[in-house]
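Protein sequences appear in the order of chains R and L. For the first sequence, the numbering used here assigns the number 137 to the initial residue and increments by one for each residue that follows. For the second sequence, the numbering used here assigns the number 137 to the initial residue and increments by one for each residue that follows. A virtual CB, placed ideally from N, CA and C, is assigned to each residue, including glycine. One structure is given below, encoded as structure tokens.
Protein chains: 2
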Amino acid sequence: MADISTRKVNPLFLREEELRQGIELLFYAYRDFTEVADQMLAQYNFGRAHHRVIYFVSRNPGITVSDLLSILKITKQSLSRVLGQLVREGFIEQKTGVQDRRQRLLTLTEKGEALERELTEKQRALIAAAYREAGAESVEGFRKVMMGMMEEKDRKRFEDDGPGGQRRRAG
Amino acid sequence: MADISTRKVNPLFLREEELRQGIELLFYAYRDFTEVADQMLAQYNFGRAHHRVIYFVSRNPGITVSDLLSILKITKQSLSRVLGQLVREGFIEQKTGVQDRRQRLLTLTEKGEALERELTEKQRALIAAAYREAGAESVEGFRKVMMGMMEEKDRKRFEDDGPGGQRRRAG
DNA sequence: CCGTTATGTCAGTTTTGTTGACACATTAAT
DNA sequence: ATTAATGTGTCAACAAAACTGACATAACGG
Numbered sequence: 137m138a139d140i141s142t143r144k145v146n147p148l149f150l151r152e153e154e155l156r157q158g159i160e161l162l163f164y165a166y167r168d169f170t171e172v173a174d175q176m177l178a179q180y181n182f183g184r185a186h187h188r189v190i191y192f193v194s195r196n197p198g199i200t201v202s203d204l205l206s207i208l209k210i211t212k213q214s215l216s217r218v219l220g221q222l223v224r225e226g227f228i229e230q231k232t233g234v235q236d237r238r239q240r241l242l243t244l245t246e247k248g249e250a251l252e253r254e255l256t257e258k259q260r261a262l263i264a265a266a267y268r269e270a271g272a273e274s275v276e277g278f279r280k281v282m283m284g285m286m287e288e289k290d291r292k293r294f295e296d297d298g299p300g301g302q303r304r305r306a307g
Numbered sequence: 137m138a139d140i141s142t143r144k145v146n147p148l149f150l151r152e153e154e155l156r157q158g159i160e161l162l163f164y165a166y167r168d169f170t171e172v173a174d175q176m177l178a179q180y181n182f183g184r185a186h187h188r189v190i191y192f193v194s195r196n197p198g199i200t201v202s203d204l205l206s207i208l209k210i211t212k213q214s215l216s217r218v219l220g221q222l223v224r225e226g227f228i229e230q231k232t233g234v235q236d237r238r239q240r241l242l243t244l245t246e247k248g249e250a251l252e253r254e255l256t257e258k259q260r261a262l263i264a265a266a267y268r269e270a271g272a273e274s275v276e277g278f279r280k281v282m283m284g285m286m287e288e289k290d291r292k293r294f295e296d297d298g299p300g301g302q303r304r305r306a307g
């Protein structure tokens with residue numbers, strides 16, 4: 137069977153290629169997206185795990201430990217090592233919850249905020265450039281595809297209800 | 137300053153929110169995309185690193201070790217451990233290059249092809265569902281944004297020159 | 001022949017994740 | 001009021017997947 141005739145009788149051929157390109161787009165983009173903060177992280181002797189924690193605490197001030205765990209999808213023992221470091225070194229503060237005093241609500245200190253801005257700066261710039269090149273319509277398409285790939289539960293974080301929408305819920 | 141007036145005088149506010157949403161879209165989507173193959177991988181006592189190697193060898197049959205390294209962006213020592221396992225267990229074959237006999241050209245065995253299909257099946261299904269929900273226009277937007285985020289060098293892998301376009305170059 | 005390239009390997013280390021067990025304080029339920 | 005469940009933390013051992021640095025071999029290219 138020649139290539140062309142296969143494509144005629146098998147409409148799934150192009151689709152398969154399209155899906156594989158999707159897999160690779162995701163791989164290459166994520167690979168380079170994570171890479172841009174590495175140099176800065178190394179200067180603080182931190183890794184990508186620290187960045188993720190700092191980022192999501194910055195994004196969800198007052199988040200509980202368990203909510204942070206369900207975002208990161210790692211074990212509390214894994215989180216503990218990284219979070220403990222960040223607390224000890226004064227980047228993150230823990231306050232006992234008011235309604236539920238078992239909770240340890242996490243917020244960034246001034247120092248933590250400063251580090252967060254430094255760390256995320258290049259990632260933001262990378263996305264900004266990609267958005268600019270691609271155009272507003274493409275960004276909306278990107279949004280839709282990404283939302284379709286994530287766990288249904290997390291999609292509501294991105295509901296289009298204004299800039300405060302994200303912050304209504306912590307996890 | 138009230139929220140609304142801030143948004144009026146500071147056009148960067150929404151942009152900042154949009155960029156942060158972009159960061160998170162990428163995080164959540166990639167988190168769940170990688171997760172779907174884990175159960176299958178565990179059955180073979182393999183990890184995500186094995187999957188990446190199998191995937192890219194499947195996608196670029198006859199790829200050289202150094203080209204594979206520049207896709208994965210890891211060290212040869214890291215690759216060696218994972219690749220060695222896959223070769224020893226009969227999933228990947230190494231053939232000496234013909235024009236350049238220093239090269240070890242990598243291809244999947246039958247067994248390797250079978251495993252690759254099993255492993256990638258769920259990821260393909262996840263992307264297919266996301267593409268279906270989002271629609272063809274959104275997929276094109278997704279494509280553009282992702283390409284803008286990756287290293288310029290890798291963008292040519294996705295040039296729209298038919299289904300063979302990807303395979304013309306290995307790395 | 002000699003410098004460079006492609007690959008592999010030995011040895012040690014780091015980061016980031018895992019399981020399992022247990023402790024403590026607090027909240028919720030019976 | 002006692003008991004069960006929840007939120008958090010911690011100790012210990014382990015595993016996956018990355019890293020650095022050094023060195024070795026074979027083959028290519030001028």
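Which bits of chain L does residue i rub up against, with CB to CB less than 8 angstroms?
i      : result
R:Y166 : L162 and Y166
R:Q259 : I159
Using a Cβ cut-off of 9 angstroms, pull out every chain R residue sitting near residue i, in sequence order please.
i      : result
L:Q157 : R279, R293, F294 and Q302
Who are the neighbours of residue i on chain R, taking C-beta pairs under 7 angstroms?
i      : result
L:F169 : L162 and M285
L:A266 : V281, G284 and M285
L:A270 : G277, K280, V281 and G284
Tell me, which residues are paired with residue i by DSSP?
i      : result
R:K231 : R:L241
L:I207 : According to DSSP, which records beta bridges pairwise, L:I207 is partnered with nothing at all.
L:I199 : L:L242
I want to verify the contact list: residues of chain L whose CB lies under 9 angstroms from the CB of residue i, in sequence order.
i      : result
R:L262 : G284 and M285
Using alpha carbons as the reference points, say which of the options lies closest to residue i.
i      : options                           : result
L:E153 : R:E171, R:N196, R:A173 and R:L155 : R:N196
R:H186 : R:E295, R:G198, R:L219 and R:L155 : R:L219
L:R291 : L:L161, L:D174, L:I207 and L:T200 : L:I207
L:E156 : R:R279, R:L155 and R:L222         : Before going on, a small fix: residue 156 of chain L reads as Arg here, not Glu. Measuring from the Cα of L:R156, the nearest candidate turns out to be R:R279.
R:R260 : R:E160, R:L161 and R:E171         : R:E171
L:E288 : R:I159, R:Y164, R:F149 and R:R151 : R:Y164
R:G233 : R:A270, R:E295 and R:V201         : R:V201
R:K258 : R:L177, R:L161 and R:I159         : R:L177
R:Q221 : R:T245, R:D203, R:F182 and R:K247 : R:F182
R:A270 : L:E276, L:A270, L:A272 and L:D168 : L:E276
R:T256 : R:R151, R:L161 and R:Q175         : R:Q175
L:K209 : R:V223, R:R167 and R:I199         : R:R167
L:R224 : L:Q235, L:D203, L:K247 and L:L205 : L:K247
R:Q235 : R:Q179, R:G198, R:R217 and R:L262 : R:G198
L:R293 : R:E273, R:F149 and R:E160         : R:E160
L:F169 : R:E295, R:T245, R:L262 and R:G158 : R:G158
R:F262 : R:R151, R:R217, R:A173 and R:E295 : Note that residue 262 of chain R is Leu in the sequence shown, not Phe. Of R:R151, R:R217, R:A173 and R:E295, the residue nearest in Cα terms is R:A173.
Does the count of Cβ pairs from the region 261-273 of chain L and the region 277-286 of chain R closer than 8 angstroms reach three?
Yes, they touch.
What residues from the region 274-292 of chain R come within 8 angstroms of chain L, judged by C-beta to C-beta, listed N to C?
S274, V275, E276, G277, F278, R279, K280, V281, M282, M283, G284, M285, M286, E287 and D290
Interface positions of the region 193-217 of chain R facing chain L (Cβ-Cβ less than 7 angstroms), listed along the chain:
R195 and K209
Report the residues of the region 224-256 of chain R with a CB closer than 9 angstroms to any CB of chain L, ordered along the chain.
Cβ contacts with chain L: T256.
Three or more C-beta pairs under 8 angstroms: does that hold for the region 176-191 of chain R against the region 242-255 of chain R?
yes
Taking 8 angstroms as the threshold, find out whether the region 238-248 of chain L comes into contact with the region 227-239 of chain R through three or more Cβ pairs.
Segments in contact, no.
Does the region 228-235 of chain L come close enough to the region 209-217 of chain L to have 3 or more Cβ pairs within less than 8 angstroms?
No, the region 228-235 of chain L is not in contact with the region 209-217 of chain L.
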